[in-house]
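*Asks:* Residue numbers (the working numbering), protein chains in the order written: chain X, 308 to 734; chain S, 308 to 734.
Protein chains: 2
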Amino acid sequence: MEYICTNYGGLGEKVFHGKLANGLDCIYIPKPGFKRKFAVLATPYGAIHRKATVDGKEFSTPAGIAHFLEHKLFENPKTSIENRFASLGASVNAYTTHTMTAYLFSTAENFYDCLELLLDFVQQPAFTPQGVVSERRIIAQEIKMYQDQPNWAVYLGALAGMYGDHPVSEDIAGKEADLAQIDYELLRKCHELFYNPGRMVLVVAGDIDEKELYGFIAKNQGQKQFPKLPAIKSLVPRPQPGVGECFAAGMEVSRPLFCLGLRDQLARDWQEAGRRETVVSLFLEIFIGKNSPFYNRLYDEGIIDNSFGAEYSCTPWYSHFIFGGETDDPDRLAQELLGELKRLQECGISQQQLDVNLRKLLGLFIMDLNGLESTVMAYATDWLQQGDYLTRFEEMTKLTKKDVEEFLHNLDLGQSCLSVVNPLNQQ
Amino acid sequence: MEYICTNYGGLGEKVFHGKLANGLDCIYIPKPGFKRKFAVLATPYGAIHRKATVDGKEFSTPAGIAHFLEHKLFENPKTSIENRFASLGASVNAYTTHTMTAYLFSTAENFYDCLELLLDFVQQPAFTPQGVVSERRIIAQEIKMYQDQPNWAVYLGALAGMYGDHPVSEDIAGKEADLAQIDYELLRKCHELFYNPGRMVLVVAGDIDEKELYGFIAKNQGQKQFPKLPAIKSLVPRPQPGVGECFAAGMEVSRPLFCLGLRDQLARDWQEAGRRETVVSLFLEIFIGKNSPFYNRLYDEGIIDNSFGAEYSCTPWYSHFIFGGETDDPDRLAQELLGELKRLQECGISQQQLDVNLRKLLGLFIMDLNGLESTVMAYATDWLQQGDYLTRFEEMTKLTKKDVEEFLHNLDLGQSCLSVVNPLNQQ
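Structure (structure tokens):
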């Protein structure tokens with residue numbers, strides 16, 4: 308099979324890309340010297356993909372089905388997939404997010420056995436109708452477990468406040484009532500549609516001979532038959548405008564848990580989404596990075612501690628900040644955050660702030676490349692969103708004060724929603 | 308008093324500098340938003356400064372006297388200095404290195420009370436002849452405690468291998484036999500000579516009004532009398548050329564401890580020393596930073612683990628690398644390190660390696676500025692060595708492939724010395 312090599316000069320990295328006859332995109336990131344190898348196989352099918360048109364016909368599924376399917380691919384008549392990886396000296400993991408499902412292994416030995424196992428267990432389901440029935444109980448238990456976690460509750464509270472009953476604000480595993488509607492045939496159908504190699508990407512990193520690697524993948528895929536990929540158009544609803552009520556609950560926590568959601572405008576497409584995430588990664592450093600005066604004031608005044616974190620997600624269907632952590636005074640912290648955002652909107656940022664934080668961010672980006680797991684995951688995620696993780700670096704180097712200020716200018720601070728979990732005795 | 312402000316544009320930092328009538332250099336690094344404040348008072352008097360000429364006359368002291376004096380400045384007739392800082396809500400610490408002694412406090416409250424206490428306890432000794440006698444026992448105990456530490460033993464073993472009986476390879480606290488020669492009068496004399504404000508620097512960081520700060524310091528210093536600063540010329544011996552035998556010992560460790568020393572040429576002056584340390588900070592990233600292929604190969608092959616570290620020191624009197632950590636095969640690790648250094652000497656480095664690692668290093672430098680303790684310490688250290696910590700950043704941005712390769716070219720790989728501490732049962 309053919310593949311091309313792209314050099315990312317500014318990073319000293321190169322990346323190979325080949326597309327198989329069946330449509331599978333295969334990315335290889337060489338990491339000379341590394342003994343451990345990583346591979347992730349991912350599909351752009353996540354918790355928000357409940358409705359689609361398939362060759363023009365509407366296809367609806369219950370909430371939680373992508374996650375359910377992820378679980379079931381690990382079912383195997385002989386021995387569990389986890390055990391088979393373990394017996395090869397490898398470890399395997401899987402993730403269902405709102406927008407994708409990914410299967411990942413890492414190993415220092417038996418790489419090709421592991422790669423074959425990954426491709427086979429994800430592409431050739433072995434689960435049974437009986438296995439589906441018993442899985443319902445297992446997932447119901449998992450849902451219950453998450454519901455009892457204060458961190459999760461406060462996070463979902465912020466999402467629900469921002470998006471109401473839009474799929475993004477529901478548990479990725481669905482609700483218990485949804486599980487009863489998920490059966491063997493539906494799961495098989497979803498697998499056939501959404502795991503077609505023409506929609507998927509394989510990302511491999513490590514010290515591997517690329518010719519051998521691509522030869523191996525081509526041979527494995529050549530032995531398999533897949534149905535023709537239908538025209539699938541995902542029908543994710545647009546969330547209602549405006550934000551809802553604050554969320555508050557009492558749970559077994561020693562200090563209040565805080566989550567402030569702040570909605571941003573939806574991205575027109577994935578390209579704009581990726582671009583905006585890059586701008587905001589810089590903005591977050593300037594606004595509330597560990598070197599910022601604002602972060603340090605909040606920290607030194609005891610309003611935040613090391614548990615504090617900030618994230619930003621941007622997609623065509625949802626787009627928001629989430630600020631979260633423990634704090635004794637959630638209302639004060641929310642006011643502080645929104646107040647500082649307002650100040651930045653009015654006063655702008657200095658060129659110096661931009662330069663310094665950009666340098667820090669570029670340094671961090673390079674450091675992160677040493678973590679192969681996060682690199683392959685980020686590469687797969689960006690690829691499925693029509694982006695290129697390593698190109699982000701080049702884009703970052705070109706960010707300007709104007710980019711950040713335009714973003715800030717378009718941000719509507721009225722779109723925030725506070726979620727709090729209080730200790731039970733302080734309700 | 309007068310002071311000037313220097314802007315470090317590339318870092319978004321500014322620094323104030325004022326020199327008092329008595330010669331004390333006062334540096335203030337504003338950190339807007341930070342509630343915690345740090346101050347360090349330091350003198351270029353460390354463990355290697357045993358001999359000097361004072362106004363042309365030779366002045367000799369026993370090993371360990373700088374460290375002994377540091378201990379004694381904490382003696383106080385009423386309550387210990389530590390307790391007085393604690394009662395102000397602050398914490399205090401002191402460090403004696405080979406080349407300096409530094410006294411540091413940090414506090415979120417009562418800053419000026421703390422600053423006054425720092426200036427007073429360091430400049431106005433309150434120790435007694437009786438206190439000196441009892442201190443000998445305490446320090447002897449400390450020396451013994453360090454000797455029993457395998458990490459310390461393997462480190463001193465590498466220094467002794469490189470420098471024989473030069474002061475740099477001896478315990479900073481001296482030997483027990485040295486302590487008997489240190490008495491009250493000698494300590495007072497050393498304090499008078501080496502703690503003269505004309506030789507010292509005060510570095511303060513935090514969110515402070517600079518006018519008030521400089522006014523306060525000037526007033527405090529104006530109330531004190533100091534003898535005229537004599538002409539002091541430090542007589543640190545030049546180490547013998549060549550390295551000695553390998554060092555090996557058996558101690559209570561579960562895995563062998565490894566320390567490879569590699570001598571470099573002495574610096575002509577502090578300026579060259581600082582410059583070379585900057586070049587080597589970049590070189591170490593390229594050679595064995597966590598993103599380097601070499602580090603990752605050693606790590607993945609199990610030859611090194613997270614305990615591995617590399618450092619480089621350069622002064623006019625000693626100059627070396629130390630590589631250290633736990634390893635099952637110290638000889639193999641030494642061979643690997645020297646082999647890779649040789650390869651780099653022969654093959655050079657690529658422009659890409661330089662660019663990527665330089666970016667990482669600049670990002671790290673900026674991140675480190677968030678740690679005020681390390682910033683004031685680094686600033687004081689560089690100042691006493693006629694350097695400027697923040698200017699290092701600008702120098703770093705200008706580093707070239709040629710700088711690194713010239714350094715490598717001048718490195719003599721024959722100047723290495725291996726030190727190992729083995730588990731007792733594997734001797």
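Don't be surprised by glycine CBs; every beta carbon is placed ideally from N, CA and C. Since this is a predicted model, take the numbers as computed values, not measurements.
1. Please check if any C-beta of chain S sits within less than 9 Å of the C-beta of Gln642/X.
2. Should Ala328/S be labelled buried (16 or more other beta-carbon atoms within 10 Å of its own) or exposed?
3. On the DSSP letters alone, give me the boundaries of the alpha helix (DSSP H) that Cys654/X sits inside.
4. Evaluate Lys338/X with the Cβ neighbour count: other Cβ atoms within 10 Å of its Cβ, from every protein chain shown; 16 or more gives buried, anything less gives exposed.
5. By the 10 Å Cβ neighbour count, where 16 or more other Cβ atoms means buried, how is Glu442/X classified, buried or exposed?
6. I'd like to know if Tyr619/X contacts chain S, where contact means its C-beta is closer than 9 Å to some C-beta of that chain.
7. Indicate the three-state DSSP secondary structure (helix, strand or coil) for Lys540/X in the structure shown.
8. Under 9 Å between C-beta atoms, does Gln734/S make it to chain X?
9. Would you kindly work out how many angstroms separate the C-alpha atoms of Tyr453/X and Ala349/S, rounded to a whole number?
10. Could you tell me if Leu720/X is buried or exposed, where buried requires 16 or more neighbouring beta carbons within 10 angstroms of its beta carbon?
11. Could you list which residues in chain S have their beta carbon closer than 9 Å to that of Pro548/X, in chain order?
12. Per DSSP, what kind of secondary structure is Cys421/S in: helix, strand or coil?
13. Three or more beta-carbon pairs under 8 Å between the region 551-569 of chain X and the region 632-649 of chain X, yes or no?
14. Check distances from the C-beta atoms of the region 601-615 of chain X to those of chain S and list, in chain order, the residues that come in under 7 Å.
15. Let's test the definition: count the other Cβ atoms within 10 Å of the Cβ of Arg545/S and tell me whether it reaches 16, buried, or not, exposed.
16. Name the chain X residues whose beta carbon is nearer than 7 Å to that of Gly340/S?
17. Under 8 Å between beta-carbons, which chain S residues line up against Asn677/X? List them in chain order, please.
18. So, at 7 Å on beta carbons, what are the nonlocal neighbours of Leu251/S in its own chain, with the 5 sequence-adjacent residues on each side left out?
19. For chain X, is any of its Cβ atoms less than 9 Å away from the one on Met684/S?
20. Within 9 Å of any Cβ in chain X, is that where the Cβ of Ala512/S sits?
21. Can you list the alpha helix (DSSP H) stretches of 4 or more residues lying completely in the region 538-600 of chain S, in chain order?
22. DSSP state of Ala328/X, grouped into three classes?
23. Give the straight-line distance between the Cα atoms of Asn717/X and Leu644/S, rounded to the nearest whole angstrom.
24. In three-state terms, what does DSSP make of Phe341/S?
25. Alpha carbon to alpha carbon, what distance is there between Asp332/X and Leu691/S?
26. Does the pairing of the region 313-322 of chain X with the region 472-491 of chain X give three or more beta-carbon distances under 8 Å?
27. Within this structure, are the beta carbons of Val429/X and Tyr521/X separated by less than 9 Å?
28. For Ala359/S versus Ala370/S, is the C-beta distance shorter than 9 Å?
29. Taking Cβ-Cβ distances below 8 Å as the criterion, which residues of the region 700-720 of chain X are in contact with chain S?
30. What are the boundary residues of the alpha helix (DSSP H) that includes His498/X?
31. Identify which residue in Pro474/S, Ala447/S, Ile656/S has its Cα closest to the Cα of His356/S.
32. Which residue marks the beginning of the beta strand (DSSP E) containing Ala633/S, and which one marks its end?
33. Quick one: give me the first and last residue of the alpha helix (DSSP H) that Lys379/S is part of.
34. Anything in chain S within Cβ reach of Ala538/X, meaning under 8 Å, just list it in chain order.
35. Would you say Gln722/X reaches chain S, if we count a Cβ-Cβ gap shorter than 9 Å as a contact?
36. Given a threshold of 16 other Cβ atoms within 10 Å of its Cβ, counted over all protein chains shown, does Glu416/X qualify as buried or as exposed?
*Replies:* On the basis of the coordinates in this document:
1. With a threshold of 9 Å between beta carbons, Gln642/X makes no contact with chain S.
2. Answer is exposed; the Cβ neighbour count stays below 16.
3. Start and end: 637-654.
4. Looking at its Cβ environment, which holds 16 or more other Cβ atoms inside 10 Å, Lys338/X is buried.
5. Looking at its Cβ environment, which holds 16 or more other Cβ atoms inside 10 Å, Glu442/X is buried.
6. At a cut-off of 9 Å, the C-beta of Tyr619/X has no neighbouring C-beta in chain S.
7. Looking at Lys540/X - three-state DSSP - the assignment turns out to be strand.
8. Bear in mind that a pLDDT of 49 at Gln734/S, under 50, signals an unreliable position, so the model cannot answer this.
9. A straight-line Cα-Cα distance of about 54 Å links Tyr453/X and Ala349/S.
10. It counts as exposed.
11. Within 9 Å Cβ-Cβ: nothing; Pro548/X doesn't reach chain S, min ~35 Å.
12. Here Cys421/S carries a helix assignment [DSSP, helix/strand/coil].
13. The answer is yes - the region 632-649 of chain X touches the region 551-569 of chain X, with three or more Cβ pairs under 8 Å.
14. Against chain S - using a Cβ distance shorter than 7 Å - the residues of the region 601-615 of chain X are Phe601, Asn603, Arg604, Asp607, Glu608.
15. It is exposed - the Cβ of Arg545/S has fewer than 16 other Cβ atoms within 10 Å.
16. Here the neighbours are Pro600, Phe601, Asn603, Arg604.
17. Within 8 Å Cβ-Cβ: Lys597, Asn598, Asn603.
18. This structure does not reach residue 251/S, given that chain S is present from 308 up to 734, and the question cannot be answered.
19. Taking 9 Å as the CB threshold, Met684/S stays off the interface with chain X.
20. Contact of Ala512/S with chain X is not assigned, every C-beta pair being separated by 9 Å or more.
21. Every alpha helix (DSSP H) stretch that sits fully inside the region 538-600 of chain S and reaches 4 residues is listed by chain position as 577-595.
22. Shown here, Ala328/X sits in coil according to DSSP, grouped into three states, outside any helix or strand.
23. Going by the C-alpha atoms only, they are around 53 Å apart.
24. In the three-state reduction of the DSSP assignment, Phe341/S falls in the coil class, being assigned neither a helical nor a strand state.
25. Whole-angstrom Cα-Cα distance: 58 Å.
26. Below 8 Å, too few C-beta pairs join the region 313-322 of chain X and the region 472-491 of chain X to call them touching: fewer than three.
27. Not a contact, by the Cβ cut-off of 9 Å.
28. For Ala359/S and Ala370/S, no; Cβs fall outside 9 Å.
29. Against chain S - using a Cβ distance shorter than 8 Å - the region 700-720 of chain X contributes no residues.
30. Taken as a continuous stretch (DSSP letters only), the alpha helix (DSSP H) holding His498/X covers 491-501.
31. With respect to the C-alpha of His356/S, the residue from Pro474/S, Ala447/S, Ile656/S having the closest C-alpha is Pro474/S.
32. One point to set straight first is that residue 633/S is Glu, not Ala, in the sequence displayed. Counting along the chain, Glu633/S sits inside the beta strand (DSSP E) bounded by residues 626-633.
33. That run of the alpha helix (DSSP H) goes 372-380.
34. Ordered by position in chain S, no residue passes the 8 Å Cβ test against Ala538/X, which lies about 43 Å from the chain.
35. With a threshold of 9 Å between beta carbons, Gln722/X makes no contact with chain S.
36. Taking every protein chain shown into account, the CB of Glu416/X has fewer than 16 other CB atoms within 10 angstroms, so this residue is exposed.
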